[in-house]
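One gets my numbering by counting positions in the sequence shown from 1 and adding 809 to each. Quick reminder that beta carbons are idealized off the backbone N, C-alpha and C, glycines included. Computed from a prediction, not measured in an experiment: that's the story for all the values here. Structure record follows, encoded as structure tokens.
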Amino acid sequence: MQTDKELLNLIKESHEMNPRSEFVSNTELHLRKTAKQMNKKSRYKWRITLVSGFLVCSVLLFFSLSGREFIYHSLSPFGESNSVSPFGSQEPLIYIYHSHDQESFISETQSSDPNMAYHPSKNISLVGERFSQSLKKNKINTKHENRDVMSTLIKNGWSHSKTYTVTRGFITDVLENNKSIKMVFDIHRDSKKREATTIKIDGKDYATVTFVISKSNANYEKNLTFAESLLERIEKKYPDLSTGVIVKTSLRNQSTYNQDLINESVLLNIGGVENTLEEEYRTVDALAEVITEILKEES
């Protein structure tokens, strides 16, 4: 029978995503301590528990969504585990963030005043996380921003008008460290009434999606082409789910929405303050389907 040390090494070497060394060390110490308290008659059962426990831990860690890598594995007919890279790369292809990350919903804040529908945790970032998870289920690796815009504003003594300055720093950092990023989405919710931001499809309510492009950026034409291609795709699969593409123009001080940093970048207004998270989730699930189709064709 293999020793405890051999079992640990076997588990660590059998997967590309290894658990942290401190996790392995602490778990080993805990199990050894437990084993010493057992009598010799139960030692055999303990060894079976040890192997089973580590196998479960390995599976959980293996499918963990945290960290920069998301690895998919498939089981071959001969029972061997083979790494399956999402469209040829384990690196993130999509970056999701929120310039107005505390925008929330009446249903989540219990406020009757739309102007007060903001929350530090129950907010639009949950929609971005669902979007990220939906893409990952389709084997599209993503990076969802978890740095807090509001705390950065407060730390620097900046007003709310500087939110795009904060997220510009986030995007620049992400793009520099993740050359694989192909698409960038800044997800917001609108302030419009429910009747203007909700559509029923197959008996279910969806939050509508609007693609917003700034004309005041160097990548305007490429951003616009990208937004229009998304609109065309979503209309084929989910007619009337989108309210279209809006091009923002101003005689002065029009924000670029940081869309000048990458060719395929768009601001998404998904639903409004009176929509529910469930309705928002349905819409980002639909968007994930469309984006998956696009990336498959490009791969």
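Which residue marks the beginning of the alpha helix (DSSP H) containing Met-959, and which one marks its end? For the purposes of this step, residue 959 is identified with residue 150 of the sequence shown, where counting begins at 1. For Met-959, the uninterrupted alpha helix (DSSP H) segment begins and ends at 958-965.
Taking Cβ to Cβ, would you say Ile-1008 is nearer than 7 Å to Leu-1050? Here residue 1008 corresponds to residue number 199 of the sequence shown, with the count starting at 1. Here residue 1050 corresponds to residue number 241 of the sequence shown, with the count starting at 1. Between Ile-1008 and Leu-1050, the C-beta gap is smaller than 7 Å, which places the two residues in contact.
Which runs of the beta strand (DSSP E), 3 residues or longer, sit entirely within the stretch 933-1019? Counting only runs of 3 or more, we get 951-953, 992-999, 1007-1010 and 1013-1016.
Could you name the residues that DSSP lists as bridge partners for Glu-912? Numbered from 1 along the sequence shown, position 103 holds the residue referred to as residue 912. Within the DSSP bridge table, the entry for Glu-912 names Tyr-927 as partners.
Should Ala-1016 be labelled buried (16 or more other beta-carbon atoms within 10 Å of its own) or exposed? Within the sequence shown, residue 1016 is the residue found at index 207, counting from 1. By the neighbour-count rule (16 or more Cβ atoms within 10 Å), Ala-1016 is buried.
Using alpha carbons as the reference points, say which of Asp-910, Glu-1083 and Lys-1105 lies closest to Thr-996. The residue you call residue 996 lines up with position 187 of the sequence shown. One detail in the question is off: residue 996 reads as Ile in this sequence, not Thr. Ranking Asp-910, Glu-1083 and Lys-1105 by Cα distance to Ile-996 puts Asp-910 first.
Residue range of the beta strand (DSSP E) that includes Ser-1075: Position 266 of the sequence shown, counting from 1, holds the residue named residue 1075. For the record, residue 1075 in the displayed sequence is Val; it is not Ser. Element bounds for Val-1075: 1074-1081.
Residue from Glu-1044, Glu-1004 and Tyr-906 with nearest C-alpha to Thr-1085: Here residue 1085 refers to the residue found at position 276 when the sequence shown is read from its first residue. With distances taken between Cα atoms, Thr-1085 lies closest to Glu-1004.
Are the Cβ atoms of Tyr-973 and Ser-908 separated by less than 7 Å? Your numbering for residue 973 matches position 164 in the sequence shown. Your numbering for residue 908 matches position 99 in the sequence shown. Taking 7 Å as the Cβ cut-off, Tyr-973 and Ser-908 qualify as a contacting pair.
What span of residues does the alpha helix (DSSP H) with Thr-1034 cover, start to end? For the purposes of this step, residue 1034 is taken as the residue at position 225 of the sequence shown. It spans 1029-1046 - the alpha helix (DSSP H) in which Thr-1034 sits, taken as one unbroken run.
With Thr-1092 as the anchor, note down where its beta strand (DSSP E) starts and where it stops. Locating residue 1092 in the sequence shown gives position 283, counting from the first residue. Thr-1092 -> not in any beta strand (DSSP E); alpha helix (DSSP H) instead, spanning 1086-1107.
Which whole-angstrom value is the C-beta distance of Glu-900 and Asn-950, which I expect to be below 8 Å? As a working mapping, residue 900 is identified with position 91 in the sequence shown. As a working mapping, residue 950 is identified with position 141 in the sequence shown. Contact flag correct, Cβ pair sits at about 7 Å.
Answer with buried or exposed for Met-992, where buried requires no fewer than 16 other C-beta atoms within 10 angstroms of its C-beta. Indexing the sequence shown from 1 puts residue 992 at position 183. Its Cβ being crowded by 16 or more others within 10 Å, Met-992 is buried.
Helix or strand or just coil, what does DSSP make of Thr-1052? In the sequence shown, the residue the question calls residue 1052 occupies position 243. Secondary structure of Thr-1052 (DSSP, three-state): strand.
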